[in-house]
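As C-alpha cells, the structure follows; a few thoughts come after it.
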Amino acid sequence: MSMYVQLQENIKLLNVPDEAQRLKNLEMLLKNETEHPIVKPQFANNHIHTCFSFSPYSPTAAIYMARAEGLQTAGIMDHDSIGGAKEFRKAGKIAGIGTTCGMECRVDLSETSLAGKRLNNPDQPGIAYMAIHSVPATGFDVLQRAFEPLREKRNVRNRKMLENINAVMKPYGIELDFSKDVLPLSCYEAGGSITERHLLYALSLKILGICGPENCADFVQNKLQISLSPKQSGMLSDADNPHLAYDLLGILKAQLVEKIYIPATDECMPLKEAVKLADEVGAILCYAYLGDVTDSVTGDKKAAKFEDDFLEDLFEMLKQENVKAVTYMPARNTDTQIKRLQNLCKTYSMIEISGEDVNSSRQSMICKQLELPQFAHLVDMAWDLVKREENYPL
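This note's numbering runs 1255 ahead of the 1-based position in the sequence shown.
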C-alpha cells in the first residue's frame, strides 16, 4: 500500500462520525506508528479549518495532518463556530501538538469610519472577515452560544442561495436539495456552520456525478461558459485527480458566487459587539488582512483590489474601535505588501498573527514563507498563543 493510500485510510478512521471514536482511533494510529514524521519547528499554522465549517478533516484529523507535515503547533479556525475546539485540544494532547483555538466571523462595519468600503470580503462591501484568536477554554461555550442564532440566520440565506444555484443549473438538469445534499456535508447538528463552500461542494459533487470526472473540464468551459487557465484545465481534466471536487469548488467559488450570492445582513455582528465579545472571553480579535489580489494562491478569488488603497485609514479605524491585532497569510502577498503591513503593525502597536487558510485536501498545512527571517516572530507568536491557552484547561 502506497503512503498516500495509507494516509487516506487513516483519515477515514479519524473522520468517523463519533468524536470519542475519532480520538481513540488517533491514539491507536500513533501507538502503531513505526516511523515518526520529521519535525519542522520553523513552521506553524493558526488557521486550519475543520468539518465544523468546511474542510476534509475533523478536528482530530486536522491535528493528525498537521503532525504528519511536521508541525509542532496548530490552530483551529472555523467560520461562525468554535464547536470543534474541545476535540482539537484533546487531539493535540494525544499527538503532542501545541494547540491554539479560535474562530472566524464576519462583522458589520456600517457604524465605523469605513462603512460601505470593500475590505477583505470579495463578495460584499461593508462586511469584513475577522479572526477571534486564542480563545481560552472558558470562552468556548460563550462564543458558541453567541453565534448559534447567527448560524441559524445564515442558513436562511443559504437556502435562498441554493435556490439561485438551482435556477442557474436548471438548463443542465441539476437540482440540489438543502436537507439531502448540503446538510449531510456539514457538522451543523453538532454546532458547526454551513457556508457558501458547502453549497458549491454539493454542486461540484452533483456535476461530477452527471458528467463524470473525465468530462468535468469540458462541462465547466462549454456548458457553464467559465474560462479555465491551463493549470485549472489540467486539474479538471485529470480523471485520477484525488482533489478534483475541491479544485472544482475553488473554480466555482471564484466564478459563480457573483451570480448566486445574496448579501449577508443580520447574521453579521457589528464590529463593536465583536470587540466586546472577544474582550469578554479573553480572546484576541484580529482583522484578517487580504490585500489586493493578483494570482490567488487558493484559486478561489479573482484578481481584485481590496484594502491596499486605504490601508492607513483601515489601521486608524481598527485603533479607534479597539481592535488590537492583525492576522495575515504570507503566501498570499507580495514582499511590498508584507513590508507595508508589518510597518503599520509596528506603528500602531498591533499584534501580528499568521495562518494559512486550509480548507481543501490539496492544500499543505505549511506556509514555506515562514522559514524566512522576517516571519520568525509569527512562529514565536503561535507558541505564545499556545502557552496562553494552556492556562485554561478543559
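The beta-carbon is built from N, C-alpha and C at its ideal position, and this holds for glycine as well.
Note that this is a predicted model, so its numbers are computed, not measured.
Legend entry - Same chain, Cβ closer than 8 Å to K1341, five either side skipped, listed in chain order: For this step, residue 1341 is matched to residue 86 along the sequence shown. Excluding positions up to five away in sequence, the list reads A1392, F1395 and L1649.
Legend entry - Other residues of its chain near E1576: CB distance less than 8 Å, five sequence neighbours each side excluded: The sequence position of residue 1576 within the sequence shown is 321, counting from 1. In its chain, beyond the 5 residues on either side, T1367, L1526, K1527 and V1530 have a beta carbon closer than 8 Å to the beta carbon of E1576.
Legend entry - Reduced DSSP secondary structure (H/G/I, E/B, other) of C1523: Mapped onto the sequence shown, residue 1523 falls at position 268. In the structure shown, C1523 sits in coil (DSSP, three-state: anything other than H, G, I, E or B).
Inset, instruction - Measure the C-alpha to C-alpha separation of D1502 and R1400 and round it to an integer number of angstroms. - result: On the sequence shown, position 247 is the one that residue 1502 refers to. On the sequence shown, position 145 is the one that residue 1400 refers to. Going by the C-alpha atoms only, they are around 34 Å apart.
Inset, instruction - Using a threshold of 9 Å, state whether the C-beta atoms of M1385 and C1541 are closer than that. - result: As a working mapping, residue 1385 is identified with position 130 in the sequence shown. As a working mapping, residue 1541 is identified with position 286 in the sequence shown. Result yes, Cβ atoms of M1385 and C1541 sit closer than 9 Å.
Legend entry - Segment contact flag, the stretch 1406 to 1425 with the stretch 1369 to 1384, C-beta cutoff 8 Å, min 3 pairs: At 8 Å Cβ cutoff, the stretches do not touch.
Inset, instruction - Using only alpha-carbon positions, find the residue among S1313, A1299 and G1447 that is nearest to E1274. - result: Translated into positions along the sequence shown, residue 1274 becomes position 19. Considering only alpha carbons, the answer is S1313.
Legend entry - In DSSP terms, what M1605 is bridged to: Looking up residue 1605 in the sequence shown gives position 350. For M1605, DSSP assigns no beta-bridge partner whatsoever.
Legend entry - First and last residue of the uninterrupted alpha helix (DSSP H) at R1344: In the sequence shown, residue 1344 corresponds to position 89, counting from 1. Here the alpha helix (DSSP H) through R1344 covers A1340 to A1350.
Legend entry - Collapsed DSSP secondary structure at E1644 in the structure displayed: For the purposes of this step, residue 1644 is taken as the residue at position 389 of the sequence shown. Note: E1644 maps to helix in three-state DSSP.
Legend entry - Simplified DSSP state of Y1443, which is helix, strand or coil: Taking the first residue of the sequence shown as 1, we reach residue 1443 at position 188. Helix, per DSSP.
Legend entry - Start-end ranges of the beta strand (DSSP E) lying completely within the stretch 1527 to 1597, minimum 3 residues: For secondary structure counted as the beta strand (DSSP E) over 3 or more consecutive residues, the stretch 1527 to 1597 holds these complete runs in sequence order: 1539 to 1543 and 1580 to 1583.
Inset, instruction - Starting from the Cα of L1269, find the closest Cα among A1346, P1404, H1304 and V1294 and give me that residue. - result: Along the sequence shown, one-based indexing puts residue 1269 at 14. In terms of CA proximity to L1269, A1346 leads the group A1346, P1404, H1304 and V1294.
Legend entry - Sub-9 Å separation of G1447 and D1333 beta-carbons: Taking the sequence shown and counting its residues from 1, the one referred to as residue 1447 is at position 192. Taking the sequence shown and counting its residues from 1, the one referred to as residue 1333 is at position 78. Yes; because the gap between Cβ atoms is below 9 Å, this pair is in contact.
Legend entry - C1360, DSSP secondary structure in three states: In the sequence shown, counting from the first residue as 1, residue 1360 sits at position 105. Looking at C1360 - three-state DSSP - the assignment turns out to be strand.
Legend entry - Cβ pair count under 8 Å reaching 3, the stretch 1275 to 1283 against the stretch 1348 to 1360: The stretch 1275 to 1283, when compared against the stretch 1348 to 1360, does touch it at the 8 Å Cβ threshold.
Inset, instruction - Please state whether DSSP places V1437 in a helix, a strand or coil. - result: Here residue 1437 is taken as the residue at index 182 of the sequence shown, counted from 1. DSSP, read as helix, strand or coil, puts V1437 in helix.
Inset, instruction - Enumerate in chain order the residues of its own chain whose CB-to-CB distance from T1315 is below 7 Å, with the five nearest sequence positions on each side excluded. - result: Along the sequence shown, read from residue 1 onward, the residue named residue 1315 stands at position 60. Cβ within range, chain order: L1269, R1277, L1278, L1281, E1342 and A1346.
Inset, instruction - Using the DSSP secondary-structure output, state which residues sit across from R1330 in a beta bridge. - result: Here residue 1330 corresponds to residue number 75 of the sequence shown, with the count starting at 1. Arg is not the amino acid found at residue 1330; the sequence shown has Gly there. G1330 pairs with T1355.
Inset, instruction - Could you tell me the distance, in whole angstroms, from the CA atom of D1432 to the CA atom of P1439? - result: The residue labelled residue 1432 in the question sits at position 177 within the sequence shown. The residue labelled residue 1439 in the question sits at position 184 within the sequence shown. Note on geometry: alpha-carbon atoms of D1432 and P1439 lie some 11 Å from one another.
Inset, instruction - Just the C-alpha distance for D1521 and L1405, rounded to the nearest angstrom, thanks. - result: Residue numbering aside, residue 1521 sits at position 266 when the sequence shown is read from its first letter. Residue numbering aside, residue 1405 sits at position 150 when the sequence shown is read from its first letter. Answer to the nearest angstrom: the Cα atoms are 8 Å apart.
Inset, instruction - Check whether the stretch 1616 to 1631 touches the stretch 1566 to 1576, taking contact to mean three or more Cβ pairs, one atom from each stretch, closer than 8 Å. - result: Because the criterion of three Cβ pairs below 8 Å is not met, the stretch 1616 to 1631 and the stretch 1566 to 1576 do not touch.
Inset, instruction - State yes or no: is the C-beta of I1420 within less than 9 Å of the C-beta of G1610? - result: In the sequence shown, the residue the question calls residue 1420 occupies position 165. In the sequence shown, the residue the question calls residue 1610 occupies position 355. Cβ distance not < 9 Å, so I1420 and G1610 don't count as in contact.
Inset, instruction - Compare the beta carbon distance of M1524 and D1635 with 9 Å and say whether it is the shorter of the two. - result: For the purposes of this step, residue 1524 is taken as residue 269 along the sequence shown, with counting starting at 1. For the purposes of this step, residue 1635 is taken as residue 380 along the sequence shown, with counting starting at 1. For M1524 and D1635, no; Cβs fall outside 9 Å.
Legend entry - Contacting residues, own chain, Cβ-Cβ under 6 Å from T1553 (five flanking each side not counted): In the sequence shown, residue 1553 corresponds to position 298, counting from 1. Caution is warranted here: a pLDDT of 48 is assigned to T1553, below 50, making its placement in the model unreliable, and the coordinate value is therefore given only provisionally. Excluding residues within five positions, none has a Cβ falling inside 6 Å.
Inset, instruction - Provide the residue span of the alpha helix (DSSP H) that contains N1280, from first to last. - result: Position 25 of the sequence shown, counted from the first residue, corresponds to residue 1280. If you look at N1280, you'll find it in the alpha helix (DSSP H) that goes E1274 to K1286.
Inset, instruction - Give the DSSP-derived three-state secondary structure of M1385 in the structure shown. - result: Working through the sequence shown from its first residue, we reach residue 1385 at position 130. Collapsing the DSSP output to three states places M1385 in a strand.
Inset, instruction - Can you tell me the Cβ-Cβ gap for I1337 and V1390, rounded? I've got them flagged as a contact below 8 Å. - result: Residue numbering aside, residue 1337 sits at position 82 when the sequence shown is read from its first letter. Residue numbering aside, residue 1390 sits at position 135 when the sequence shown is read from its first letter. Confirmed, about 6 Å.
Inset, instruction - Would you identify the three-state DSSP class for I1303, choosing helix, strand or coil? - result: Position 48 of the sequence shown, counted from the first residue, corresponds to residue 1303. It is a strand residue.
Inset, instruction - Can you tell me which of the three DSSP states V1423 falls into? - result: In the sequence shown, residue 1423 corresponds to position 168, counting from 1. Reduced to three states, the DSSP call for V1423 is helix.
Legend entry - Closest Cα partner of I1331 within the set A1323, Y1516, F1307 and E1430: Against the sequence shown, residue 1331 aligns to sequence position 76. Here the closest residue by C-alpha is F1307.
Inset, instruction - Could you tell me the boundaries of the alpha helix (DSSP H) in which D1502 lies? - result: Numbered from 1 along the sequence shown, position 247 holds the residue referred to as residue 1502. For D1502, the enclosing alpha helix (DSSP H) has its first and last residue at L1499 to I1515.
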